[in-house]
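S.K.: Take a look at this one; I'll ask things after.
Protein chains: 4
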Amino acid sequence: MKMWDGRFTKPSDALMESFNNSLPFDKALIEEDIAGSVAWANALERVGVFTPGERDHVVGWLKSILNDYNDGRIEFVPSDEDIHMAVERLLVERAGAVGEKLHTGRSRNDQVVTDTRLHTKKILTDIAVSLTELQRAAVERAKSDLHVIIPGFTHLQQAQPVLLSHYWMSMFAVLEREKSRAAHAAESTDILPLGSGAIAGSGFPVDRDAIAAELGFSRVSANSMDMVASRDFLLETLAAFASAGICLSRYAEDLIVWSSKEFGFVELDDAWSTGSSMMPQKKNPDSLELIRGKSGRLIGNYVRLATTLKGLGLTYFKDLQEDKEPLFDSARNLQMVIKVFTHVLLTLKVREDRIRQDLDPFLLATDMADYLVRKGMPFRQAHRVIGRLVGYCVEADAPLTEVPLAKLREFSEMFGDDVTKLYSWEQAVNSRAVKGGTGRESVIAQIEAAERILASEVGQYV
Amino acid sequence: MKMWDGRFTKPSDALMESFNNSLPFDKALIEEDIAGSVAWANALERVGVFTPGERDHVVGWLKSILNDYNDGRIEFVPSDEDIHMAVERLLVERAGAVGEKLHTGRSRNDQVVTDTRLHTKKILTDIAVSLTELQRAAVERAKSDLHVIIPGFTHLQQAQPVLLSHYWMSMFAVLEREKSRAAHAAESTDILPLGSGAIAGSGFPVDRDAIAAELGFSRVSANSMDMVASRDFLLETLAAFASAGICLSRYAEDLIVWSSKEFGFVELDDAWSTGSSMMPQKKNPDSLELIRGKSGRLIGNYVRLATTLKGLGLTYFKDLQEDKEPLFDSARNLQMVIKVFTHVLLTLKVREDRIRQDLDPFLLATDMADYLVRKGMPFRQAHRVIGRLVGYCVEADAPLTEVPLAKLREFSEMFGDDVTKLYSWEQAVNSRAVKGGTGRESVIAQIEAAERILASEVGQYV
Amino acid sequence: MKMWDGRFTKPSDALMESFNNSLPFDKALIEEDIAGSVAWANALERVGVFTPGERDHVVGWLKSILNDYNDGRIEFVPSDEDIHMAVERLLVERAGAVGEKLHTGRSRNDQVVTDTRLHTKKILTDIAVSLTELQRAAVERAKSDLHVIIPGFTHLQQAQPVLLSHYWMSMFAVLEREKSRAAHAAESTDILPLGSGAIAGSGFPVDRDAIAAELGFSRVSANSMDMVASRDFLLETLAAFASAGICLSRYAEDLIVWSSKEFGFVELDDAWSTGSSMMPQKKNPDSLELIRGKSGRLIGNYVRLATTLKGLGLTYFKDLQEDKEPLFDSARNLQMVIKVFTHVLLTLKVREDRIRQDLDPFLLATDMADYLVRKGMPFRQAHRVIGRLVGYCVEADAPLTEVPLAKLREFSEMFGDDVTKLYSWEQAVNSRAVKGGTGRESVIAQIEAAERILASEVGQYV
Amino acid sequence: MKMWDGRFTKPSDALMESFNNSLPFDKALIEEDIAGSVAWANALERVGVFTPGERDHVVGWLKSILNDYNDGRIEFVPSDEDIHMAVERLLVERAGAVGEKLHTGRSRNDQVVTDTRLHTKKILTDIAVSLTELQRAAVERAKSDLHVIIPGFTHLQQAQPVLLSHYWMSMFAVLEREKSRAAHAAESTDILPLGSGAIAGSGFPVDRDAIAAELGFSRVSANSMDMVASRDFLLETLAAFASAGICLSRYAEDLIVWSSKEFGFVELDDAWSTGSSMMPQKKNPDSLELIRGKSGRLIGNYVRLATTLKGLGLTYFKDLQEDKEPLFDSARNLQMVIKVFTHVLLTLKVREDRIRQDLDPFLLATDMADYLVRKGMPFRQAHRVIGRLVGYCVEADAPLTEVPLAKLREFSEMFGDDVTKLYSWEQAVNSRAVKGGTGRESVIAQIEAAERILASEVGQYV
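Residue numbers (the numbering used here), protein chains in the order written: chain V, 1 to 462; chain R, 1 to 462; chain P, 1 to 462; chain A, 1 to 462.
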């Protein structure tokens, strides 16, 4: 028997029950479902549907159900088609007929989206806290690696020397924006649906502001049809998660490349690497590969919900039951991705000698063009002069910094003795003292600003 | 202790183990894994790594592991990072040191993709069988609904009358192509990787053709690097599944619209409908809504794998561990979607009286234009004449078929007494006797052709 | 000759030039490119690279190039690989060697993302303005349709009566969130990259705050590597656009269904419909179908960029050239979608008589259950009672509101004479007076709140 | 005036016209549209709608329109909403009233999908031809690089030595499957829709088999509703294109990494590289980066169509107008990607000395384990022994191949003098002589098989 089959003359087919059943995944909402029901019981008491005594009775049994669930003492039955119906069944079994009052003026349509919004707010806070930890790790690295100069890459070709700390601080910077997106998703989520009923609003004059206050929502929804139909807050959440995952896939890619024997810039700690079943010498950066690979899952989950929502009329359709699995899956996986990345970063060994060996004099080509600019040559000409000089060095297999002055002057008479002052990685780095640049002072300023931000983080969106 | 940690000085972090662990989902491959290992043991025996006695010993224990697993008697341990390592551990525990020979000349890289290809072939066959059952249901409906004329729609506007059976047979037709795509995916999958080793080919001269024969593969891979790196067969499978899911979402949409009170063309059986927690009168076509909604999941799973594969260098990276969950999820869900649709179709009640009432005389407008064409008017002029006539009918609120001849002749003098012969749904339908048209004879021919196809189906791709 | 080929010994292949060439689409950035170059010239003047006279000279010619472009007087040449190089070439041709100074301390890497951020801010403002117009149209409809009661649907089955205005106001409500997402995307975009150089920061100590002020950015980027590598702001913009497009696809779906002969709730104006090439009677809601269909494009464009970014190392790679086409395509199409929907809404004819005829007494089933609740019956029991009553009505083909009291009392003795007070659509609607409900006063409150919001809109995010 | 507005009382809004207009992109179908119209004119002549003279007249003018279009002499007008209507307008202008007969018994619904199928067949053939050229390039490289041994990678860590030619042949192998997918998509496309009319089949008894023969279709559609509604063939085509693009993105990634200074395995020809606007020394593999990046576009285009099709009822809706742009965009971009890759491959410089220097003795670890296996040690034990030996080498910074025998025997007494026979890259490679392995004979066999396939390619699917 179902809670809704008064008008039916025939039971559901068993395959239909299994197809329709969402309990295997939506039981993750039990805490929110019971919190929502407690708030609803209080609201019903205020409008006289429950006496205070009945309310206490019902609330007590609801809490007992949650306790029993957490202790593994709840047995579900096949007719429990979702967590909401399961809780109501258990309540009626325990509290008796008074439990049958609980669903007064409420519909699963507003109930499920209330639970989902509560849960999403929690997930978003958890992710934000983890992202902050990862930022903290990036700042830690930036502080301890401040003396390491690496070749900065574009197109995976050596471009200009930068501080390794500058690289780590780029991660801090982009994660600030990822967190801001998560915070905005939390804001879009932070609206109370309860009281919207099936579609038209509850038939009982419940005090929705009081319910919102009890459940920790800052706003009450303005339109009941919007509330039961819309899942934009989930789509925004999945987009925020995908964005963070893509961001981390990019840093993972770099570190995988840097872990190769050929680059050899970094070495993962054994605790975050794995070996091969066949090749005894292998030590693989599997942690980073999974971080990279799981971004596909996060994008896929976004597409999954986006496509399900596309072209779906208002208000509630069962298609919307497909909204929760991508949320749970993305949250669980992104959480792991962030935490693992934090550990990988903190335990990473930077191979400073290998990095220094790898720095190529061509990294100074832009500085040499800028040198000519400072002597008065327009940049575009200077670029061509240095371009030709580089061509000569490639041809002659001569390091750029070892070309004799006389030879340099064949390329431009503007070259003088002072050109050798450019031949220092530190000088090259520190010449980028502009705000946001890789100059040591600029990077220290970035670190200080980051620490101020981290110190003031409340670590909670809601 | 891991099977591969000889060179490591430190164990994996617990979080890393959990992040890396694929056993929760890849245990679904145990049957294929053991079949593959049996075939490998036989191959090793043929090259002398195992004696016949050792091989029998190992094969016996492998089979006992599968039996125990099927009987729920296997306990996994935390260090079992995947089903392959778990089986090897169990084997060594049971068979002793001789079990440690099994992985000779083999790598997880060729092992995992052998298992996955075996499993994918099976899944594709299962889906094809179910699609055939759904086609059978469509043909059943086509046979029993042959007398029902519905308004055919474009843009959800009544367009031309068609046989309901013609509509059902369109489903048969498109599913033939869906099955053909699944068959091609099976063909792309049907290649033996075993013997490819980690990347370079096995170091032992195993007879790969014999292994292929034993495992039921029709081809042996030509290049070991391709085999351990490529997952195109999975992407093709997921695309085939998404295509089938999208196709069914379109028919589901139609039937949901047709189930509305306003259309009222069909009524779902109670066994495939559900009710509302709040509104006692509701009977909702949830089965069809889930069918429609789950197409988002199938597309999402495709994107998930596609994105994970994008830009991934050769050969094996741990990113590829993300390949199996979308496969399993899409297979399981599409299977349910097809089966449920089959039942919905077979139990659907067609409301013939409502449909007949709904047929609008404007459905005959094209026939009237064609009438004028047959009298010698160029079609484009005829279209304009009937367009203006329709405008008049709308304005005058007059059914097209009740405009007096005199009035018709104001629009074109070509109208004669014989125009009334057009005023019959049956006549309109049967005038489309062209191959593939909705004429009764054409539809019967479609049904007969379908039955011939269904009769010859072997129901198995491989 | 290229601007960068000093070190090359061989020209690009013609196919490579065409593959690499982004001018066909990035010329849309010419206005931003020239604004950015003017600001850069000013910055270079402040650090002494340009004299004031040179700066004026260069700025004058830059503006002349824009004017000529707007007047269609610019001819591009095959070696113009993108708009940035084209503008620099034109400048040098017009201004002479002094123009070759302009690229001092700047790279295309910071230049292109500065242009793109400026352009994205503009696009987001334009979309927000259009969304506000659409909201205004929804409020207009809500005001003029306040007397129309429609059957509210869940699962496309009649659920409860609601005001048509309540439906329109749901669109207002969800669009507030769509606008908020666009506003957050604008915030993520509103960061000045210029001065980041190729990767390490400019080698010249330009005043980046002054550049930001001149270009209208509120913040200056903190890290140069982040700035040239990140495209998260574009991904967020594309997600915001996809979300808005999905939202509108849902309303379009409803209106397409409502435009069918069978529903007949609304009729599109001829100006926003099209006909058929073959069937003279057809009038199709093509405008709404394109609105619905184009949501696929918006999701596709999101996936396109997301996938391109996935796993891409830092900092700049040419892959990032693929970032602009999805932006332009989504912006252009979403803009049309919103504007067309606004017109469709404003010119839509609501067929009140058809709607009233369509209202089914079963819409009152929840009210009847609530009635029993008010008499003291627990809701779940009341739901069952009314469910059985509905079953009886279906069986007996009797309207729910015409069941005699005696018969009602067979289902529950709680029914009394006063039950007939429920039999009024207006009463049913107004009983949902709860905040956010469909009661007339609630809807009027929604409209008033909306008008306050619209009155205070500045219509601009930045 | 429109061709279909007889019943309308009001013209389309200008914005609606622009929203609805598909001419800017569907004019790419003009050749197919005119071929289809010629075939249709012939069919109409056979059923007497045209006299032979009229047919010749119409066909002549149709061909003149195509000629004029190809010569740039056609002017479109604003009311030309698509290429089909434009051609019909031009025909009537040129041929007079007899041109108004052409659309007899035909609808844009069957016309547009006929054109699209013809065009898609052509595109698929073109792509297959290009893929074959790329395979040819891979075989060329395999033949000329047969002496080059590279470290084969898994996880971007050196795994086992392989022939570079083996790597190139892996590309040949996977492209065979990509071509097979394109061929299957062509098969799914190769069905004639013409004669399906708007939905119900043509009202005129045209000989559809004759039309198919004339247009080069091998099959005639079985069901008219399926034909005007389905776009599965396009989705399959886009999936095939995405798959090929993803495949090539993976090889591009490898070559980008190999082009880095740190790997230094290959160098792109100057003709397929580009430089930097700021850094004079840069030579970037932009061609490969675009190849990699454009895979995002190909996946996005798939999602675009998939999402548009999802949940769309039958038969034709204007949403389907969105089907052509992703097809054209993916075809054009994939074509460029393949061609550019072919050139990059053929002109690539392999830096043999750098590669040989890079080979790490640890690459032989598996061979040493296999050596112990051959001496009788179970593989899993051998793996552990070598694992510990590798650990020792890492610790002692000693090359694996220079550990003295005495030391080796500390790890296992099975080591003997003959172990040094393993210390040869050629030996290691050739020990993988198994079918599909990297042994020289195996690779030569692959090359020979490939050449046989390439020799027999007809270069055309249809």
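Think of the CB as a built atom: it goes at the ideal place given N, C-alpha and C, for glycine as much as any other residue.
Computed from a prediction, not measured in an experiment: that's the story for all the values here.
1) How far does the beta strand (DSSP E) with Phe153 of chain V in it extend, from its first residue to its last?
2) Give the interface partners of Ala271 of chain P over in chain A, defined as CB-CB distance under 8 Å, in chain order.
3) Under 9 Å between beta-carbons, which chain V residues line up against Gly195 of chain P? List them in chain order, please.
4) For Ala97 of chain V, which of helix, strand or coil comes out of DSSP?
5) Could you tell me the alpha carbon to alpha carbon distance between Lys324 of chain V and Asp56 of chain V, rounded to whole angstroms?
6) When the cut-off is 8 Å and only beta carbons count, does Asp360 of chain R lie next to chain P?
7) Which of the three DSSP states is assigned to Ile83 of chain V in this structure?
8) List, in chain order, every chain V residue whose beta-carbon is nearer than 7 Å to that of Ser260 of chain A.
9) Distance cutoff 8 Å, beta carbons only. Does Asn284 of chain A sit that close to anything in chain V?
10) Which bits of chain P does Ser287 of chain A rub up against, with CB to CB less than 7 Å?
11) What in chain R is Cβ-close to Leu301 of chain V, meaning under 7 Å?
12) Which partner residues does Glu349 of chain A have in the DSSP bridge list?
13) So, helix, strand or coil for Ala198 of chain V, using DSSP?
14) Which stretch, first to last residue, makes up the beta strand (DSSP E) that contains Leu163 of chain A?
15) Can you tell me whether Arg374 of chain V is helix, strand or coil according to DSSP?
16) If you draw a straight line from the C-alpha of Val344 of chain V to the C-alpha of Leu389 of chain A, how long is it?
17) Could you tell me which residues DSSP puts in a beta bridge with Thr274 of chain V?
18) Could you please give the first and the last residue of the uninterrupted alpha helix (DSSP H) stretch that includes Met3 of chain P?
19) Roughly how many angstroms lie between the CA atoms of Tyr167 of chain R and Thr438 of chain R, to the nearest whole one?
20) Taking all protein chains shown into account, decide if Ser230 of chain R is buried (16 or more other Cβ within 10 angstroms of its Cβ) or exposed.
21) Under the three-state reduction of DSSP, which class applies to Arg466 of chain A: helix, strand or coil?
22) Output needed for Lys63 of chain A: all residues of its chain with C-beta closer than 8 Å, excluding positions within five of it in sequence on either side, in chain order.
23) Which same chain residues, not among the five before or five after Arg354 of chain V, have their C-beta less than 7 Å away from its C-beta?
24) Applying the 10 Å Cβ sphere with the 16-neighbour rule, what's the burial state of Pro151 of chain R?
25) Quick one: residues in its chain with C-beta nearer than 6 Å to the C-beta of Gly459 of chain A, no 5 flanking neighbours on either side, listed in chain order?
26) Would you say Pro161 of chain V faces chain A, with C-beta separation under 8 Å as the test?
27) Comparing the C-beta of Thr237 of chain P with each C-beta of chain A, is any distance below 8 Å?
28) Pull the bridge partners of Ile386 of chain V from the DSSP assignment, please.
29) Buried or exposed: Met3 of chain A, going by 16 or more other Cβ atoms within 10 Å of its Cβ?
30) To which residues does DSSP link Ile191 of chain P through a beta bridge?
31) Could you check whether Gly201 of chain P and Gly465 of chain V sit closer than 8 Å to each other, using their CB atoms as the reference points?
32) Nearest to Lys282 of chain R by CA position, among R:Leu268, R:Ser295, R:Ile291, is which residue?
33) Please say whether Pro193 of chain P and Met227 of chain P have beta carbons closer to each other than 8 Å?
M.R.: Once the coordinates are examined:
1) 149-154 is the span of the beta strand (DSSP E), which, as asked, contains Phe153 of chain V.
2) Here the neighbours are Lys10, Pro11, Ser12, Asp13, Met16.
3) Going along chain V in sequence order, the residues near Gly195 of chain P (Cβ under 9 Å) are Val434, Lys435, Gly436, Gly437.
4) Here DSSP, grouped into helix, strand and coil, assigns Ala97 of chain V to helix.
5) Looking at the two C-alpha atoms, the distance is approximately 31 Å.
6) At least one chain P Cβ lies under 8 Å of Asp360 of chain R.
7) It is helical.
8) Here the neighbours are Leu156, Gln157.
9) Yes, because at least one Cβ of chain V sits closer than 8 Å to the Cβ of Asn284 of chain A.
10) Chain P residues near Ser287 of chain A: Met16, Phe19.
11) Here residue 301 of chain V is Asn; the residue named in the question, Leu, does not match the sequence. Going along chain R in sequence order, the residues near Asn301 of chain V (Cβ under 7 Å) are Gly300.
12) Note that residue 349 of chain A corresponds to Lys in the displayed sequence, not to Glu. Per DSSP, A:Glu267.
13) Here Ala198 of chain V sits in coil by DSSP.
14) Where Leu163 of chain A is concerned, the enclosing beta strand (DSSP E) stretches over 157-163.
15) In the structure shown, Arg374 of chain V sits in a helix (DSSP, three-state: H, G or I).
16) Distance between the alpha carbons of Val344 of chain V and Leu389 of chain A is about 26 Å.
17) Paired residues: V:Asn284.
18) Taken as a continuous stretch (DSSP letters only), Met3 of chain P belongs to no alpha helix (DSSP H), as it is neither H nor E.
19) If I take the Cα positions, the gap works out to 9 Å.
20) Buried, by the Cβ-count rule.
21) Since the first residue shown for chain A is 1 and the last is 462, residue 466 of chain A is missing from the structure and cannot be characterised.
22) Answer for Lys63 of chain A: Ile34, Val38, listed in chain order.
23) Excluding residues within five positions, the ones whose Cβ falls inside 7 Å are Gly264, Phe265.
24) Here Pro151 of chain R is buried. Its C-beta has 16 or more other C-beta atoms within 10 Å.
25) The predicted model places Gly459 of chain A with a pLDDT of 46, which falls under 50 and marks its position as unreliable; any figure quoted below should be read in that light. Closer than 6 Å at Cβ, skipping near neighbours: Val129.
26) So no, Pro161 of chain V is outside the interface.
27) So no, Thr237 of chain P is outside the interface.
28) Answer by DSSP bridge pairing: none, since Ile386 of chain V is not bridged.
29) With 16 or more other Cβ atoms within 10 Å, it is buried.
30) Within the DSSP secondary-structure output, Ile191 of chain P pairs in a beta bridge with P:Arg219.
31) Lying outside 1 to 462, the shown extent of chain V, residue 465 of chain V is not represented and no answer is given.
32) Answer by Cα proximity: R:Leu268.
33) Yes; because the gap between Cβ atoms is below 8 Å, this pair is in contact.
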